[in-house]
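Numbering (this note's numbering), first residue to last: 125 to 238. Step one of this worksheet: look at the structure below.
Listed below in C-alpha cells is the structure:
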C-alpha cells in the first residue's frame, strides 16, 4: 500500500500546506501516513483528509461525496469501490473522510497484497 499512497501524493500536493494549517496535523503524522502500514488514528489527520476532499471538490462540507471525481483523481481507485466507500454513514465529516479512505485501503490491500 505504501506504493499506492505515494502515487496519491500528487493530487494532494497543491493543498498539503493549506490543509495542514486548517487541520493542525503534525508533520510527523502526515509523513507516517504514507510510510506506515496502518492509517493514523489521529483527529487532526482525519481533518487533513477532509480538507483534501473539500479542496479537490470530491467531498462537501456536509459529507456529500462525488465518487466519480474521487475515482478520476486517484490511481487504483475504480468507480465501484469509490461508490461503495462513499456510502459510509457518519455525521462527523472528518471521521467520514477517514472511514472512506480506510474502506479504500482495506479493499486495495486485498487486491494488491505486499
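Quick reminder that beta carbons are idealized off the backbone N, C-alpha and C, glycines included. Bear in mind the structure is a predicted one, so any value in this text is a computation, not a measurement.
Within the model, the alpha-carbon separation for residue 203 versus residue 184 is close to 18 Å. With respect to the C-alpha of residue 223, the residue from 161, 173, 139 and 192 having the closest C-alpha is 173. The C-alpha of residue 216 lies about 17 Å from the C-alpha of residue 148. Cβ atoms of residue 168 and residue 150 come within 8 Å of each other, at about 7 Å.
Looking at the DSSP output, residue 189 bridges to 183. Exposed is the label assigned to residue 188, since fewer than 16 other Cβ atoms lie within 10 Å of its Cβ. The beta carbon of residue 128 sits closer than 8 Å to the beta carbons of 199, 200, 232 and 236 from its chain, once the five residues preceding and following it are set aside; these are given in chain order. Taking residue 212 as the centre and dropping the five residues before and after it, the same chain places the C-beta of 220, 223, 224 and 227 closer than 8 Å to its C-beta, in chain order. If the five residues before and after residue 214 are omitted, its C-beta is found closer than 8 Å to the C-beta atoms of 187, 220 and 223, all from its own chain and listed in chain order. In the displayed model, residue 226 falls within a helix according to three-state DSSP.
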